[in-house]
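Undergrad: When we follow full-length UniProt numbering, the leftmost residue of the sequence shown carries the number 1, and every step to the right adds one.
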Amino acid sequence: MAQQLMMFAVSKISTVLYDNSSTIFKNSQDDSSSSYMVNLAFGVIFLFASLRLVTLKTQSTSPPCERIIEEAERTNRRNGHENAGFLSKEAGFSPLQTMKAFPPSHAAWDQLVADLPRLIQTQTVRDTVTKIPLLDASPEALPDMYLQRAATILGITAHVFVRMEGSEPLTLKYDGHSDILPPSLEIPWTVVCKRLGRPAPALTYVDGVVANFTSTSSSHSGVTLENLELLIPTVGTKEEHSFVGIMIEINAKTIPILHQTIEAQRSVMARDSSSLKDAIRSLHSLIKQITRILSRLNTSRAHETHIDPVLWTLTAGNLGIPWVKGVVGAAGTAHPFFHMMDEFTGRFEYLTGIGQEAQIVRATYPIHWRQFLKAMMEVSVSEYVASSKDRELMDLWKTFTSSYHGNDGLLGFHRRKVFGFLAVSFRIGRSTTINGLGHKHRTEPWHEVDQELEKARLERRCLDADEHNPDTEPSSDKVFVSELIKHNSEETGYWFSAKGSVYDASTFMQKHPGGDTVIALCSGQEITDSLKAVGHLTNTSIRSKLERYRIGILEKPKFASSQIEEVYMAAVELGQKAAEMENVYRRNFQLLNGKLTTLDKPKILTPKKARHLLDAKNRLQDEYVPALAMLLDALLESIAMLDMKLDLDTTRARMVGLLSPGTGPGTAARFLDYEMALDTLRRDLSRLTEVKELVAMILGTFEDAGFPSSERSRLESIVGTLNRVASHLIILTGK
Numbered sequence: 001m002a003q004q005l006m007m008f009a010v011s012k013i014s015t016v017l018y019d020n021s022s023t024i025f026k027n028s029q030d031d032s033s034s035s036y037m038v039n040l041a042f043g044v045i046f047l048f049a050s051l052r053l054v055t056l057k058t059q060s061t062s063p064p065c066e067r068i069i070e071e072a073e074r075t076n077r078r079n080g081h082e083n084a085g086f087l088s089k090e091a092g093f094s095p096l097q098t099m100k101a102f103p104p105s106h107a108a109w110d111q112l113v114a115d116l117p118r119l120i121q122t123q124t125v126r127d128t129v130t131k132i133p134l135l136d137a138s139p140e141a142l143p144d145m146y147l148q149r150a151a152t153i154l155g156i157t158a159h160v161f162v163r164m165e166g167s168e169p170l171t172l173k174y175d176g177h178s179d180i181l182p183p184s185l186e187i188p189w190t191v192v193c194k195r196l197g198r199p200a201p202a203l204t205y206v207d208g209v210v211a212n213f214t215s216t217s218s219s220h221s222g223v224t225l226e227n228l229e230l231l232i233p234t235v236g237t238k239e240e241h242s243f244v245g246i247m248i249e250i251n252a253k254t255i256p257i258l259h260q261t262i263e264a265q266r267s268v269m270a271r272d273s274s275s276l277k278d279a280i281r282s283l284h285s286l287i288k289q290i291t292r293i294l295s296r297l298n299t300s301r302a303h304e305t306h307i308d309p310v311l312w313t314l315t316a317g318n319l320g321i322p323w324v325k326g327v328v329g330a331a332g333t334a335h336p337f338f339h340m341m342d343e344f345t346g347r348f349e350y351l352t353g354i355g356q357e358a359q360i361v362r363a364t365y366p367i368h369w370r371q372f373l374k375a376m377m378e379v380s381v382s383e384y385v386a387s388s389k390d391r392e393l394m395d396l397w398k399t400f401t402s403s404y405h406g407n408d409g410l411l412g413f414h415r416r417k418v419f420g421f422l423a424v425s426f427r428i429g430r431s432t433t434i435n436g437l438g439h440k441h442r443t444e445p446w447h448e449v450d451q452e453l454e455k456a457r458l459e460r461r462c463l464d465a466d467e468h469n470p471d472t473e474p475s476s477d478k479v480f481v482s483e484l485i486k487h488n489s490e491e492t493g494y495w496f497s498a499k500g501s502v503y504d505a506s507t508f509m510q511k512h513p514g515g516d517t518v519i520a521l522c523s524g525q526e527i528t529d530s531l532k533a534v535g536h537l538t539n540t541s542i543r544s545k546l547e548r549y550r551i552g553i554l555e556k557p558k559f560a561s562s563q564i565e566e567v568y569m570a571a572v573e574l575g576q577k578a579a580e581m582e583n584v585y586r587r588n589f590q591l592l593n594g595k596l597t598t599l600d601k602p603k604i605l606t607p608k609k610a611r612h613l614l615d616a617k618n619r620l621q622d623e624y625v626p627a628l629a630m631l632l633d634a635l636l637e638s639i640a641m642l643d644m645k646l647d648l649d650t651t652r653a654r655m656v657g658l659l660s661p662g663t664g665p666g667t668a669a670r671f672l673d674y675e676m677a678l679d680t681l682r683r684d685l686s687r688l689t690e691v692k693e694l695v696a697m698i699l700g701t702f703e704d705a706g707f708p709s710s711e712r713s714r715l716e717s718i719v720g721t722l723n724r725v726a727s728h729l730i731i732l733t734g735k
């Protein structure tokens, strides 16, 4: 556009001067003033021509992505809004301005979101939203400048409507929004999203994160967790503020990174390796800063901004999961920072599940973002570095890219951070991630998510070799499984085993960077796979720290026959599952005594808490007890193979109805007040603990030296103990 204006200006002046030149000379050929005017005119022509040459030269050294930013700035200024995408040198991918209120005609939406914490606490969201008036979202009624605020408010309200109230499974998918949303919400949301150029109504990352804040910072890059407030908070808790706020702060710190990527590409275009090295050094430092910001998303109570992963799961964690078939949710893959860095570092494969998801998300980006990312691909820094043969430059590039997608870099750290959160979330009832990972009914679905994230990291062509650490010799103290599973509480201590060793994490609970909840959930368990996933078994410093808490080796008894060993291993599975279910159910006390909304008061059972506790009780009856019953049945079967004459009919008869998971709606009684909920939790937990301890007694019988397979009295005693286990399971189901 600038070139066209310049060309127009020069040609127009030339034409005017040429057409009038005869008149000028005719009126006064000897007039010095006329001569002066002619010279001045030709001087102006020369000046404009020179300026045009300078402009063309400047553009030739300006990276394509920089030109896209400048064009976006002009477009947004001309439009009077940023609906085509937040993109500027001043604010990066963040908005330059945020609309904080609607005109009076749409004030009902402002009032609705102001009431969200109270509506969620009282579980009256659906009733309230259904009754609000149907407001007109057409261009005649709602100007373009209000569209982004409307998209944020309507999108968040829709997700609150579906995910913060009701009992629909997280994995349930509808054909369309109208199948669950009322017209007062679904119709204007559809209109707003269509006006923004989106293919269908959806809560995007722009709506829920990028545009969802205000800040007291004097600069856009100075926005931090401490000086920002969410524009549309749903529950108003520190879990919500910290989780969303950290993502917003990362977007703010993307601004200087954007500038340095432009400078790096400018250096490549000028073939200036010295300047490129400076830009890469700056980028390396800035990426490390992003990693430090992400590390503040912490579940350790030792940190001021710590997040309770249980409360996070039941609020912010589940909020973004979509409910319409084919809709991709606003997960971390949608953050523009990752897309920019992937293009800048030369990623060219998107074949993994998460990679394909990233491409789908990018296709829904605002037009300015898509143009910017496409322009970023036009100048390849990675190819320039590879062909430079400059050893220093190549080493700098490798160090920088490793700080982004290396195993010990940002993406490796992000994967381990996600693992810690989801290891808690899935255990307490979450069945899927925002975009569908973990719903394949694996025993430990958080491992599925971890593996997919690792595949996506490796797809970026950073194949870091795993560190090899020779196993240290374990201490000689022997610990049997019967002891391990009993150490999973504050009273007994928190033990776990990994790679044949047993560790006591009791004194490390409050110091653990990943928080005490995840240790409590893993206690009494064998967790080698989990420690591998988070890199604790390959990181030298962490392995060294881990050794301080080693208390012995996990001992397995020697058996007279393989049949006895099969019985023992079946009992081990039952015992560890009982300890795991006890750990999970104990987390309900965090829910009962925590804050799910900013309005919650101590020892008051809110409707929202009552709903989640009812869900937990139904999971106990319909999922946990059947899982334990199936392991109990397998143990009885292995005992029968050991001694066919044992009478197992009584125990098996009592288990009728326990082996099939519940398929209908939950039947647990609703909680009426805090004391009722507290009493129920205590009674249920006591029975789960008793189940675990009874199985520990059985394990202890096998672990005693010289267990005789022929001694029927011992086997009969074991069967009697299992009969007591069945009794507790029956009571837990409420049958």
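Every residue gets a Cβ at the ideal spot worked out from N, C-alpha and C, and that includes glycine.
Only a predicted model underlies this, so the values are computations on that prediction, with no experimental measurement involved.
Between which residues of its own chain and residue 121 is the CB-CB distance below 6 Å, once the five residues before and five after are set aside?
TA: Cβ neighbours of residue 121 beyond the five flanking positions: 597, 599, 606, 608.
Undergrad: Identify the continuous alpha helix (DSSP H) that holds residue 739 and give its terminal residues.
TA: Nothing in the structure corresponds to residue 739, since the chain is present only between 1 and 735.
Undergrad: Applying the 10 Å Cβ sphere with the 16-neighbour rule, what's the burial state of residue 51?
TA: For residue 51, the predicted model reports a pLDDT of 48, less than 50, meaning its position is unreliable; a value from the coordinates is still stated below. By the 10 Å Cβ count, residue 51 comes out exposed.
Undergrad: May I ask you to report which of helix, strand or coil DSSP gives residue 550?
TA: Strand at residue 550.
Undergrad: In the DSSP assignment, what are the bridge partners of residue 88?
TA: According to DSSP, residue 88 bridges with 92.
Undergrad: So, using beta-carbon positions, are residue 262 and residue 526 closer together than 8 Å?
TA: No, these two residues do not count as a Cβ contact at 8 Å.
Undergrad: Tell whether a beta-carbon distance below 8 Å holds between residue 246 and residue 228.
TA: The answer is no: Cβ separation not under 8 Å.
Undergrad: Under a Cβ-count criterion, where at least 16 other Cβ atoms within 10 Å of its own Cβ denotes burial, should residue 79 be classed as buried or exposed?
TA: With fewer than 16 other Cβ atoms within 10 Å, it is exposed.
Undergrad: Excluding the five sequence neighbours on either side, which residues of its own chain have a C-beta within less than 7 Å of the C-beta of residue 447, listed in chain order?
TA: So the qualifying residues of the chain are 529, 533.
Undergrad: Please report the residue range of the alpha helix (DSSP H) in which residue 413 lies.
TA: Where residue 413 is concerned, the enclosing alpha helix (DSSP H) stretches over 410-425.
Undergrad: Buried or exposed: where does residue 216 fall if 16 or more other Cβ atoms within 10 Å of its Cβ makes it buried?
TA: Exposed, because fewer than 16 other Cβ atoms sit within 10 Å of the Cβ of residue 216.
Undergrad: Of all the options 427, 422, 686, which has the alpha carbon lying nearest to the alpha carbon of residue 450?
TA: Of the candidates 427, 422, 686, the one whose C-alpha sits nearest the C-alpha of residue 450 is 422.
Undergrad: Three or more C-beta pairs under 8 Å: does that hold for the region 479-491 against the region 543-560?
TA: A contact exists between the region 479-491 and the region 543-560.
Undergrad: Tell me which same chain residues have a C-beta within less than 7 Å of the C-beta of residue 689, skipping the five on either side of it?
TA: Contacts found: 582.
Undergrad: Indicate whether residue 729 and residue 695 have their beta-carbon atoms separated by less than 8 Å.
TA: Taking 8 Å as the Cβ cut-off, residue 729 and residue 695 do not qualify as a contacting pair.
Undergrad: Figure out for me which residue from 280, 295, 175, 352 has the closest Cα to the Cα of residue 417.
TA: Answer by Cα proximity: 295.
Undergrad: Got a sec, what are the start and stop residues for the beta strand (DSSP E) residue 228 sits in?
TA: Where residue 228 is concerned, the enclosing beta strand (DSSP E) stretches over 228-230.
Undergrad: Would residue 165 and residue 123 qualify as a contact pair, given that the criterion is a beta-carbon distance under 8 Å?
TA: Contact flag set, yes.
Undergrad: Could you compute how far the alpha carbon of residue 531 sits from the alpha carbon of residue 515?
TA: Cα to Cα, the separation comes out at about 14 Å.
Undergrad: For a quick check, are the C-beta atoms of residue 368 and residue 151 less than 8 Å apart?
TA: Not closer than 8 Å, so no.
Undergrad: Looking at the secondary structure, which residues open and close the beta strand (DSSP E) in which residue 166 lies?
TA: Careful: residue 166 lies outside any beta strand (DSSP E) and carries neither H nor E.
Undergrad: Just the C-alpha distance for residue 278 and residue 142, rounded to the nearest angstrom, thanks.
TA: Distance between the alpha carbons of residue 278 and residue 142 is about 48 Å.
Undergrad: Mind listing, in chain order, the continuous beta strand (DSSP E) runs of no fewer than 3 residues lying wholly within the region 545-591?
TA: For the region 545-591, whole beta strand (DSSP E) runs of length 3 or above, ordered along the chain, are 550-554.
Undergrad: Keeping to the same chain, check which residues put their C-beta closer than 8 Å to that of residue 138; ignore five residues upstream and five downstream.
TA: Around residue 138: 191.
Undergrad: Here's the rule: buried if 16 or more other CB atoms are within 10 angstroms of the residue's CB, otherwise exposed. What is residue 445?
TA: So residue 445 counts as buried.
Undergrad: For residue 577, which residues in the same chain have their Cβ closer than 7 Å to its Cβ, ignoring the five residues on either side in sequence?
TA: Around residue 577: 627, 628, 631.
Undergrad: Can you look up residue 723 in the DSSP assignment and give me helix, strand or coil?
TA: In this structure, residue 723 counts as helix in the three-state DSSP scheme.
Undergrad: For residue 746, tell me which candidate among 222, 144, 235 has the shortest Cα-Cα distance.
TA: Nothing can be reported for residue 746: it is not among the residues displayed for the chain, which extend from 1 to 735.
Undergrad: Let's test the definition: count the other Cβ atoms within 10 Å of the Cβ of residue 188 and tell me whether it reaches 16, buried, or not, exposed.
TA: By the 10 Å Cβ count, residue 188 comes out buried.
Undergrad: Grab me the residues of residue 183's own chain with a C-beta within less than 8 Å of its C-beta, minus the 5 sequence neighbours each way, in chain order.
TA: Taken in chain order, the residues that qualify are 134.
Undergrad: Would you check if there are 3 or more beta carbon pairs closer than 8 Å linking the region 720-728 to the region 505-513?
TA: With a cut-off of 8 Å, the region 505-513 and the region 720-728 do not count as touching, because too few Cβ pairs lie within range.
Undergrad: Could you give the residue range of the alpha helix (DSSP H) that holds residue 355?
TA: That run of the alpha helix (DSSP H) goes 353-363.
Undergrad: Report the three-state DSSP secondary structure of residue 399 (helix, strand or coil).
TA: Residue 399 falls in the helix class under three-state DSSP.
Undergrad: Evaluate residue 111 with the Cβ neighbour count: other Cβ atoms within 10 Å of its Cβ, from every protein chain shown; 16 or more gives buried, anything less gives exposed.
TA: Exposed, because fewer than 16 other Cβ atoms sit within 10 Å of the Cβ of residue 111.
Undergrad: Count the other CB atoms, across all protein chains shown, that sit within 10 Å of the CB of residue 348; report buried if there are 16 or more and exposed otherwise.
TA: Residue 348 comes out exposed.
Undergrad: Closer than 7 Å: is that where the CB of residue 715 sits relative to any heavy atom of the ligand ATP?
TA: In the structure shown, the ligand ATP is absent, as is every other ligand, since no ligand is present at all.
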